[in-house]
Amino acid sequence: MLSLAKGFYNYLNQKEEYTVLILGLADSGKTFISEQIKEIYTGLPALNSDTIQPTIGVNIRKININKIQLKFIDLGGDEQLRDIWEAYYSPCNGILFVVDLAKPESINQTFEVFKNILSAPELSSLPVSILGNRAETENAFPLYQLKENLNKLLDIIEDRDCRVFQISNQLEIELPRAISWIYHRMLDNKLSHPPIMINT
Ligand SMILES: Nc1nc2c(ncn2[C@@H]2O[C@H](COP(=O)(O)OP(=O)(O)OP(=O)(O)O)[C@@H](O)[C@H]2O)c(=O)[nH]1
Ligand SMILES: [Mg+2]
């Protein structure tokens, strides 16, 4: 009887946690975006963009939406640091992939990295939200070309959910849209990629 009551108590005091990796090349704006997520969903002020330093290890950010916890893991994108990404691939429920639209010259490298992510078995069939960052920059890589590049990857993307969002300081609504989109896709995939249960 006692263990039944304890089980019920634990059930009431647990919630689902979904893990989202924030990946992309160095300097693409992963930590900047993670800071924006913090401000939007927790009300705590984002770090001033001038004070954000390149990520050497990992930044963890937790937010709650409708009693569900999202844990964002922001990893350093420097080439030498990308080897540690794999250590965070499992358990994972979704991916935010950040593309720096202000650096058209790095688009090919960006797509090489993206293809590696898509081919990782641990990440197969996970939803990917592609965030085209710094969209407001003059001469930014056009979104339609980004989508054209993605169309060439359809054989690797297969039937996974994948959607592009344009992030810019003039379109504040897009980041919450991207988060809401991945949140719902992760809930849709709950059976194949379950969340972990954490104590509240
Ligand atoms: N104003 C503005 N600054 C940005 C934006 N995106 C990134 N930055 C700044 O550009 C610099 C690099 O961005 P980070 O967020 O550190 O890039 P990162 O992808 O986390 O880089 P690594 O940690 O090295 O992989 C930081 O100083 C950011 O504050 C943006 O959209 N607007
Ligand atoms: Mg960073």
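No gaps in the numbering here: position 71 of the sequence shown is 71 in UniProt numbering, and each next residue is one more. Built from N, CA and C at the ideal position, the CB exists for glycine as well.
The C-beta separation of LEU25 from VAL113 comes to about 6 Å, placing the pair in contact by the 8 Å criterion.
Under DSSP, ARG61 forms a beta bridge with PHE72. Judged by their CB atoms, ALA120 and TYR144 are not nearer to each other than the 9 Å cut-off.
Within the same chain, ILE107, PHE111 come within 8 Å of ASN149 by CB-CB distance, once the 5 residues on both sides are set aside. In the three-state reduction of the DSSP assignment, ILE117 falls in the helix class, which pools H, G and I. Scanning ASN64, VAL58, PRO91 for the CA closest to the CA of THR42 turns up ASN64.
Under the Cβ criterion (8 Å, minimum of three pairs), the segment 123-138 counts as touching the segment 151-163. ILE167 and GLY76 have their C-alpha atoms some 20 Å from each other. In this structure, ASN48 is the residue among ASN48, ASP27, GLN80 with its C-alpha nearest to the C-alpha of GLU35.
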